[in-house]
Amino acid sequence: MSERKSEIEKFNRRNNFRLWSIKMRALLTTKALDGEYESLIIMKAFERVELMERANSIILLNLSDEVLIEVAEKKDAVALWAKL
Numbered sequence: 014m015s016e017r018k019s020e021i022e023k024f025n026r027r028n029n030f031r032l033w034s035i036k037m038r039a040l041l042t043t044k045a046l047d048g049e050y051e052s053l054i055i056m057k058a059f060e061r062v063e064l065m066e067r068a069n070s071i072i073l074l075n076l077s078d079e080v081l082i083e084v085a086e087k088k089d090a091v092a093l094w095a096k097l
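Residue 14 is where the sequence shown starts when you use our numbering, and the numbers rise one by one after that.
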């Protein structure tokens with residue numbers, strides 16, 4: 014797996030969520046998926062869990078402290094994204 018420099022500004026509610034979310038989806042695609050995984054349909058359960066944990070971590074690491082404290086209780090990427 015090659016290391017790519019893919020940084021975006023952390024979401025802090027003062028920047029534009031729509032632009033941040035577009036960048037975040039691109040980052041998730043390149044980092045969480047990174048070509049390692051098959052289609053979600055044929056993916057094994059443990060691979061799905063790992064993928065969702067990676068996505069959750071990537072989202073959390075791209076939030077400002079102020080936003081992070083508001084959503085920290087969300088334990089999966091889907092619930093976290095919905096809260097944002």
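We put the CB at the ideal spot given by N, CA and C, even for glycine.
Buried or exposed: where does residue i fall if 16 or more other Cβ atoms within 10 Å of its Cβ makes it buried?
| i | result |
| --- | --- |
| N25 | exposed |
| L32 | exposed |
| A68 | buried |
| N75 | buried |
| I82 | exposed |
| A9 | The question about residue 9 has no answer here: the residues shown for the chain are numbered 14 through 97. |
| I72 | buried |
So, helix, strand or coil for residue i, using DSSP?
| i | result |
| --- | --- |
| L93 | helix |
| K36 | helix |
| M56 | coil |
In the DSSP output, what is residue i paired with across the bridge?
| i | result |
| --- | --- |
| F24 | L76 |
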